[in-house]
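Notes follow once the structure below has been shown.
6 protein chains.
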Amino acid sequence: MTFKQIWESGRAVLNGWLSVPAGFATELMARQGWDSLTVDMQHGLIEYGDAVRMLTAITTTGVIPMVRVPWFEPGIVMKSIDAGALGVICPMINSRAEAEAFVSCLRYAPRGRRSYGPIRAALIHGADYAQRANDMVTGFAMIETRAALEAIDDIVSLPELDAVYIGPSDLALSLGEAPRFDPVDSPVHDAILHILARAKHHGKRAAVHTGSAAYARKMVDAGFDLVTVGSDAAFIAQGASAAVQAFHGGT
Amino acid sequence: MTFKQIWESGRAVLNGWLSVPAGFATELMARQGWDSLTVDMQHGLIEYGDAVRMLTAITTTGVIPMVRVPWFEPGIVMKSIDAGALGVICPMINSRAEAEAFVSCLRYAPRGRRSYGPIRAALIHGADYAQRANDMVTGFAMIETRAALEAIDDIVSLPELDAVYIGPSDLALSLGEAPRFDPVDSPVHDAILHILARAKHHGKRAAVHTGSAAYARKMVDAGFDLVTVGSDAAFIAQGASAAVQAFHGGT
Amino acid sequence: MTFKQIWESGRAVLNGWLSVPAGFATELMARQGWDSLTVDMQHGLIEYGDAVRMLTAITTTGVIPMVRVPWFEPGIVMKSIDAGALGVICPMINSRAEAEAFVSCLRYAPRGRRSYGPIRAALIHGADYAQRANDMVTGFAMIETRAALEAIDDIVSLPELDAVYIGPSDLALSLGEAPRFDPVDSPVHDAILHILARAKHHGKRAAVHTGSAAYARKMVDAGFDLVTVGSDAAFIAQGASAAVQAFHGGT
Amino acid sequence: MTFKQIWESGRAVLNGWLSVPAGFATELMARQGWDSLTVDMQHGLIEYGDAVRMLTAITTTGVIPMVRVPWFEPGIVMKSIDAGALGVICPMINSRAEAEAFVSCLRYAPRGRRSYGPIRAALIHGADYAQRANDMVTGFAMIETRAALEAIDDIVSLPELDAVYIGPSDLALSLGEAPRFDPVDSPVHDAILHILARAKHHGKRAAVHTGSAAYARKMVDAGFDLVTVGSDAAFIAQGASAAVQAFHGGT
Amino acid sequence: MTFKQIWESGRAVLNGWLSVPAGFATELMARQGWDSLTVDMQHGLIEYGDAVRMLTAITTTGVIPMVRVPWFEPGIVMKSIDAGALGVICPMINSRAEAEAFVSCLRYAPRGRRSYGPIRAALIHGADYAQRANDMVTGFAMIETRAALEAIDDIVSLPELDAVYIGPSDLALSLGEAPRFDPVDSPVHDAILHILARAKHHGKRAAVHTGSAAYARKMVDAGFDLVTVGSDAAFIAQGASAAVQAFHGGT
Amino acid sequence: MTFKQIWESGRAVLNGWLSVPAGFATELMARQGWDSLTVDMQHGLIEYGDAVRMLTAITTTGVIPMVRVPWFEPGIVMKSIDAGALGVICPMINSRAEAEAFVSCLRYAPRGRRSYGPIRAALIHGADYAQRANDMVTGFAMIETRAALEAIDDIVSLPELDAVYIGPSDLALSLGEAPRFDPVDSPVHDAILHILARAKHHGKRAAVHTGSAAYARKMVDAGFDLVTVGSDAAFIAQGASAAVQAFHGGT
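Listed in order, the protein sequences are those of chains Z, X, G, S, P and H. Sequential numbering of the first sequence, starting at 591, is according to our numbering. Sequential numbering of the second sequence, starting at 591, is according to our numbering. Sequential numbering of the third sequence, starting at 591, is according to our numbering. Sequential numbering of the fourth sequence, starting at 591, is according to our numbering. Sequential numbering of the fifth sequence, starting at 591, is according to our numbering. Sequential numbering of the sixth sequence, starting at 591, is according to our numbering.
Listed below in structure tokens is the structure:
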């Protein structure tokens, strides 16, 4: 299954988030009904070796494997898709040039500059992976600064770009607000809808990071193609905290 | 802090459970208010190297570190306390001889046969650890079979034994019932209260594994000295499942 | 898929062998057509944490996961099946008592003494795993000494024992010959066929470790239910050696 | 505790150095009286996953955690502080532009471009970490080339820069001398004092890597705010070599 | 032993390839007769910590250790040689400027900008490593795009560059052909020979990645100084596939 | 090189001790002049996977690799020598039966019950390893209790036993003294010399753990064949503590 296949079927993708570097935590997540799972190599405590083990854990199911890279750098982008990721989220894309530098790493020549060597991808996605890879892999450029907002049409009009991914916390910081999930009635909220509209105008997919299932549902209703809810780390902290409080009579 | 110090202060210990082999998952757990955390080397997917990393993560807080060993074997019992665990839960203690074999591993001569070399324990618990270790380390013998039930007085009257730990699932299986947490009105429930009573009669501490904060609270009210609620693995699975269902309107 | 399901379909199992502690090596093996793969924790350089990662790699395919434990010890036997192994090979079973001690670890009460907590097994094999586990898990007692040979009827008549696994190298050493794979016209060869016959007489499955596909095929024709051929480590050494020699004109 | 708090108390920081990728080596170091410890991801044999485990080991004490990144690259700088480092040493800062690129990664908007997601930092440094992070995190620009020396006023006058860190070995190489610790009466020694003077002139902190406690003490007396002495790797090599020589009568 | 010493002895280097992140797989490879082994951090599933363990495994023999870095970035190039690699292959060098940026990382001042701190290199290559390193370490610039082909004379005339390494798959993609090893009678084949000729014209060494010992031998006869054949991953897949097929009568 | 070869050359073995689970720490130790190094799986924080990496690090030199197992258990003893250890120290051997159970694990039939599969040992010690292994591998039974002292003649007269290893700390505890290295004028000191005398009387080698090079030298002069001095962990702690104190003027 790929992102494009789900989207072509007419529905949005429910994405889960992985910040804990342990294959077993990933397997627990992968059996709960997510469409895709993202290994967060940016803010999660995860290095490439962990990411490979987590992508392997995802492959025990049919869930779509995705990564967020720490920052734009061609080496880690290409290593991630060679390891089997079918989606890549790239932080802090602030201009068309940065978007182009990013997406060119996802495509083999002549459409890009991805180096050939899909060592695990070809093993798990089929012998014809190399022929199909340019269309199987989906790149998400993160729109999360005022600069990106101002360049939004330049960015989303880039032909090889598949999708944008909105990071509301950084966007809030950049717009002078406190970092926060699930904004309503605020400049950040307006910016989110504006990015969505411009992406749609140029025929691109749009994704957003959320802090609750309810907000995620609302964003899908607003037109988003992918929504992220929760994370393994958050579920541990919230579940433990709730149990401790319940024991002490706090619930 | 040690188990004995909490007990002497007149309250019960709230213990959390660790099945995910990742220091960060442990740190997330360790900041939620538990009195102690147990690294489960029996049913968790955890080997000794993982356990050391998890015990290190626990030491970033004041939470009491505990392990459950995979099975009684002197090497792993002693390695766990040398690594700094202040409590050891040992599965399947079915006779006084087994209890004695276990607890002798927790005490230096002449009270036992623990080999000297508290490499991390002395580093983190203080230069006088070796002098105090025999009283700082608490051993929990798991009572979880019909055989153990029948030998309960022999077991709990063993002077060096500190405490018993009841595993309701195995006890249920052994008594011919389905494995289950939080039994009520059943032979397993009766057995749990009987073990508690016999332990108390011999001046020993009693602990029980539970499936909910409410049942745990009830067990403390019944006289238990330590109750375990939840686990990192369960919090991930439950939190993720709830989020996915909420998104799909299932809540 | 389980061993029993393949056997009931009337064919033998082709088993591959894993000695390299790397999930990617396991994934490479798992996509080559084996029915089952065995993580060798005895002579391979593999500890439990590696084994979990390798079992996870196997689960990315439909190949049946098996382990060989280092030696009989209840802790590691039960940890392996809790981690999802559907077969366990136990070295050096030399008597009915040893066979009984081993197989009792594979069965929940009342058929055995397996402790309850199938943490990964229940996740990957289905919510009803615990109900079905006693019949899903297959135990192989290694017959590899003169003592075992002499006690063969005592061993294979044990009701809960599923199968025997013949280690020709150790059997050869024990019978005073040099350790060697694929014996013909020798006391070891005779012993292999004798063990096979006694196992079949008692309705048990029989497996044998071989050094070549041709010998393995012959053993299946002789009646064996599972044959092991090659290993990841051997394929690396043989492939590399052949390439180096071919380059230097040695082929 | 932060660097700034120690400095405001009027004393210099004694920093230790970590090159061995093992949490236990770090814990041994962390209990010997250092004010801060630096995980060297540049010349040490340490990748990000190791660094996280070592930062966790440091957190078992009150020692200030610091990292040296391999080279300036925004991803690894931000991942290090998200993991809880309170100081970052960045190699080879040779111009004001490079200094600015570096320090902007340490500050949230509007003071910089650090991406929001302090996953471990917020866990261990308190719920208000994000509000305080811009002032808690200290950036050290390494001054270690002739080019940097020539641009020293441009660099140290950068407002957001906290401190410089002098690498005497590279500075020596760049000035045409042999790499060496603890220079006296040499152009490198003069350069070190010149850098110190220019940093102080612009109100910035200055740090220097040394090879002995005596030289470190001298540098503190000269006005340095942080001095590094020794490393886990050096202590192993020196201690072992001394023991072997003593055994053979060499002492 | 270094690359230069083999070349000065008048023969070509036979290089093996490592994609499996396991020290034991590396040790198996290292005992089969290769002159050098390359840890592939680009397309292999290998991070820096794995690379260190694999370089350690190589050091158990006299085989020359080499790495391929994921992409040009000074940090990973320098970390690799600090860890003891005597050769570095850098992907996608498309201009003289890129070649210069790369090779400057391999040389201490004044010949380059390598930072001083050869932590493992000095341990294993001798106390005089730092004096000899500029000549011991060999840099291979990958020539694998049409752009590189067009700039070939600019690149190979760079004085500090030691050698070029041809990646036939990427070169084929860049020239509009399917990625493939061992080309004959094709533009890629012509390009390979052209690169070889220009390298030789400028007194530089030339290397090529091949898919078979026969083609590698042919390339040595054509004048190449280093040829790569096979990989640990390929030997596992090919060996396992052949065994399975042989068992099923497919051979 | 083996222990026996050194002893036959007429000199004692200087053994170093490894408690830090990091290959690099081991490589640092291995280059300082020790005859042998022991990976301590008992009191060190080391699991089997760490031990394999440390044994690999030792193999980069000619130093003799040894392990101390956590406790007597056939699986870990055999795994250690399959991984290439040429010496095994086994804790707490208190009777001839225990000694026999231990040493039988070190010998192939008919001299013992070691299972065949020297996967790394045969790779690194030569193709004829299996033929020579019974004489290459040296077993050290730890004598460290009053019970062992009382059974000393029974133990050291066991033909297959190679050597005893005295643990002064545990011996002191068992004799009612405080655990301490380097005893003089005490019952422990007398016991050490008595064990030495009985071992020599039966033609066996004797080893002792010491806390200083001076005491070690004295023990060699007294007739000991192997002495252990220091450890990687101790060198870190002592070196760091000395540097910190020197900085603060404490020296």
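Beta carbons: idealized from backbone N, C-alpha and C, even for Gly. Since this is a predicted model, take the numbers as computed values, not measurements.
Subject >> beta strand (DSSP E) segments (min. 3 residues) lying fully within the segment 771-823 of chain X >> reply: You should have 795-799 and 816-818.
Original post:
Would you say residue 618/P faces chain H, with C-beta separation under 8 Å as the test?
Top reply: At least one C-beta of chain H is nearer than 8 Å to the C-beta of residue 618/P.
**OP:** Report all residues from its chain with a CB closer than 7 Å to the CB of residue 809/X; omit the five preceding and five following residues, and keep chain order.
**Re:** Within the same chain, and ignoring the five residues on either side of residue 809/X in sequence, the residues whose Cβ sits closer than 7 Å to its Cβ are 798, 800 and 817.
**OP:** Could you list the residues in the segment 645-671 of chain Z with a C-beta less than 7 Å from some C-beta on chain S, going in chain order?
**Re:** Under the 7 Å Cβ criterion, the segment 645-671 of chain Z contributes 660, 661 and 663.
Original post:
Using the C-alpha atoms, what's the distance from residue 807/S back to residue 689/S?
Top reply: About 28 Å.
Subject >> Per-residue DSSP class, three states only, for residue 759/S >> reply: In this structure, DSSP gives residue 759/S a helical state, which the three-state scheme calls helix.
Original post:
Helix, strand or coil: how does DSSP classify residue 694/X here?
Top reply: In this structure, residue 694/X counts as helix in the three-state DSSP scheme.
Subject >> N-terminal and C-terminal residue of the alpha helix (DSSP H) that residue 661/H is part of >> reply: If you look at residue 661/H, you'll find it isn't in any alpha helix (DSSP H); DSSP assigns it neither H nor E.
**OP:** Identify whether residue 673/P lies in helix, strand or coil by the three-state DSSP scheme.
**Re:** Shown here, residue 673/P sits in coil according to DSSP, grouped into three states, outside any helix or strand.
Original post:
According to the Cβ coordinates, are residue 602/S and residue 815/S closer than 8 Å?
Top reply: For residue 602/S and residue 815/S, yes; Cβs fall inside 8 Å.
**OP:** Note down, one range per segment and in chain order, each alpha helix (DSSP H) of at least 4 residues found wholly within the segment 700-746 of chain P.
**Re:** DSSP runs (the alpha helix (DSSP H)) wholly in the segment 700-746 of chain P: 711-715, 719-726, 736-740 and 742-746.
Original post:
How should residue 633/H be labelled, buried or exposed, when 16 other C-beta atoms within 10 angstroms of its C-beta is the threshold for buried?
Top reply: It counts as buried.
**OP:** With 8 Å as the threshold, decide whether the Cβ of residue 634/P is near any Cβ in chain Z.
**Re:** Interface flag for residue 634/P against chain Z is set, since a Cβ pair is found closer than 8 Å.
Subject >> Own chain partners of residue 704/G with C-beta closer than 7 Å, once the 5 adjacent residues on each side are dropped >> reply: If the five residues before and after residue 704/G are omitted, its C-beta is found closer than 7 Å to the C-beta atoms of 668, 695, 696, 697 and 698, all from its own chain and listed in chain order.
Subject >> Simplified DSSP assignment, three categories, for residue 685/X >> reply: In the three-state reduction of the DSSP assignment, residue 685/X falls in the coil class, being assigned neither a helical nor a strand state.
Original post:
Is DSSP giving residue 618/S helix, strand or coil here?
Top reply: Residue state, collapsed to three classes: helix.
Original post:
How big is the Cα-Cα spacing for residue 617/S and residue 768/X?
Top reply: Whole-angstrom Cα-Cα distance: 45 Å.
Original post:
When the distance is taken between beta carbons, is residue 812/P closer than 8 Å to residue 786/P?
Top reply: Cβ distance < 8 Å, so residue 786/P and residue 812/P count as in contact.
Original post:
Applying a beta-carbon distance threshold of less than 7 Å, which residues of chain X neighbour residue 637/H?
Top reply: Residues of chain X whose Cβ lies closer than 7 Å to the Cβ of residue 637/H are, in chain order, 637, 638 and 639.
Original post:
Is residue 730/Z near residue 679/Z, with beta carbons less than 8 Å apart?
Top reply: Taking 8 Å as the Cβ cut-off, residue 730/Z and residue 679/Z qualify as a contacting pair.
Subject >> Per-residue contacts from residue 766/X into chain G (C-beta, under 9 Å) >> reply: Residues of chain G passing the Cβ test: 699 and 700.
Original post:
When burial is assigned at 16 or more other CB atoms within 10 Å of the CB, is residue 749/P buried or exposed?
Top reply: It counts as exposed.
Subject >> Among 773/X, 631/X, 624/X and 597/X, nearest to residue 834/Z - alpha-carbon criterion >> reply: Comparing Cα positions, the closest option is 624/X.
**OP:** For the beta strand (DSSP E) holding residue 642/S, just list the boundary residues, first then last.
**Re:** No beta strand (DSSP E) contains residue 642/S, which is instead part of the alpha helix (DSSP H) from 638-649.
Subject >> Alpha-carbon to alpha-carbon, residue 683/X and residue 757/X >> reply: Computed Cα separation, rounded: 11 Å.
Subject >> For residue 753/Z, the three-state DSSP class (helix, strand or coil) >> reply: In this structure, residue 753/Z counts as strand in the three-state DSSP scheme.
Subject >> Beta-carbon proximity check, residue 637/S vs residue 639/P, cutoff 8 Å >> reply: Their beta carbons are under 8 Å apart, which means residue 637/S touches residue 639/P by this criterion.
**OP:** Quick one: give me the first and last residue of the beta strand (DSSP E) that residue 607/G is part of.
**Re:** 603-608 is the extent of the beta strand (DSSP E) around residue 607/G.
Original post:
Is the beta carbon of residue 604/H sitting closer than 8 Å to the one on residue 630/H?
Top reply: Using a Cβ distance threshold of 8 Å, residue 604/H and residue 630/H do not count as a contacting pair.
**OP:** Measure from the C-beta of residue 772/X to each C-beta in chain G and report whether the shortest distance is under 8 Å.
**Re:** When Cβ-Cβ separations below 8 Å define contact, residue 772/X makes no contact with chain G.
**OP:** Determine the extent of the beta strand (DSSP E) in which residue 599/G is found, giving its start and end residues.
**Re:** Note, residue 599/G: premise wrong, no beta strand (DSSP E); not H, not E.
**OP:** Determine the contact status of residue 685/X and residue 744/X, defining contact as a CB-CB distance below 8 Å.
**Re:** Closer than 8 Å, so yes.
Original post:
Looking only at C-alpha atoms, which of 831/P, 746/P and 599/P sits nearest to residue 793/P?
Top reply: Selected option, being the one with the closest Cα: 746/P.
**OP:** Run down chain H in chain order and give the residues with a C-beta less than 7 Å from the C-beta of residue 769/G.
**Re:** At a beta-carbon threshold of 7 Å, the residues of chain H lying near residue 769/G are 706 and 720, ordered along the chain.
Original post:
How many Å lie between residue 593/G and residue 626/Z at the Cα?
Top reply: Residue 626/Z has its alpha-carbon roughly 32 Å from the corresponding atom of residue 593/G.
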